[in-house]
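These notes concern the structure reproduced below.
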């Protein structure tokens, strides 16, 4: 992202990347923050499934009376400068996806969910992804 900022004649205000608790995007997030740009998180729910079965997410959902999806989205937006854009084809999930601003995850919950990043699981995995991630 830093290279793109240098090459651009105008300000870059956002960088849209795959982001979910199973993928470590801390380097990209840091570069966005340093440039004053938002990180737009696509696929922020990691397609659900195994992610929603993780104890850190299930436990937080139970504690806050929210769904696992709401906890994952809250984890995203509670990080400064991240905008999550979940996709849904179900009308009832539209409201659910927005009903996450009445809770705040604790530092312990944020750390536990962030710990899932060590899997470094990518849903969209083009051959050049290691290049833009810096390794």
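Numbering (our numbering), first residue to last: 19 to 153.
Where is the CB? At the ideal position from N, CA and C, for every residue including glycine.
The model shown is predicted, which means the values in this text are computed figures rather than measured ones.
Same chain, Cβ closer than 6 Å to residue i, neighbours up to 5 away in sequence not counted
| i | result |
| --- | --- |
| residue 130 | 74 |
Distance cut-off 7 Å: residue i Cβ against heavy atoms of the ligand ADP
| i | result |
| --- | --- |
| residue 108 | Here there are no bound small molecules, and the ligand ADP is not part of this structure. |
Buried or exposed (CB count within 10 angstroms, at least 16 for buried), residue i
| i | result |
| --- | --- |
| residue 113 | exposed |
| residue 141 | exposed |
| residue 49 | buried |
| residue 84 | buried |
| residue 19 | buried |
| residue 64 | buried |
8 Å Cβ shell around residue i - same chain, five flanking residues per side excluded
| i | result |
| --- | --- |
| residue 35 | 43, 46, 57, 58, 59, 60 |
| residue 99 | 47, 50, 51, 55, 56, 57 |
Contacts around residue i, its chain only, beta-carbon distance under 7 Å, and the 5 residues preceding and following it disregarded
| i | result |
| --- | --- |
| residue 137 | 40 |
Cβ distance (whole Å) where residue i is taken to contact residue j below 8 Å
| i | j | result |
| --- | --- | --- |
| residue 62 | residue 91 | 6 Å |
| residue 53 | residue 95 | Rounded, the Cβ-Cβ distance is 19 Å, inconsistent with contact. |
| residue 134 | residue 72 | 6 Å |
field: Contained alpha helix (DSSP H) runs [length at least 4] in the segment 61–89, N- to C-terminal order
entry: 73–82
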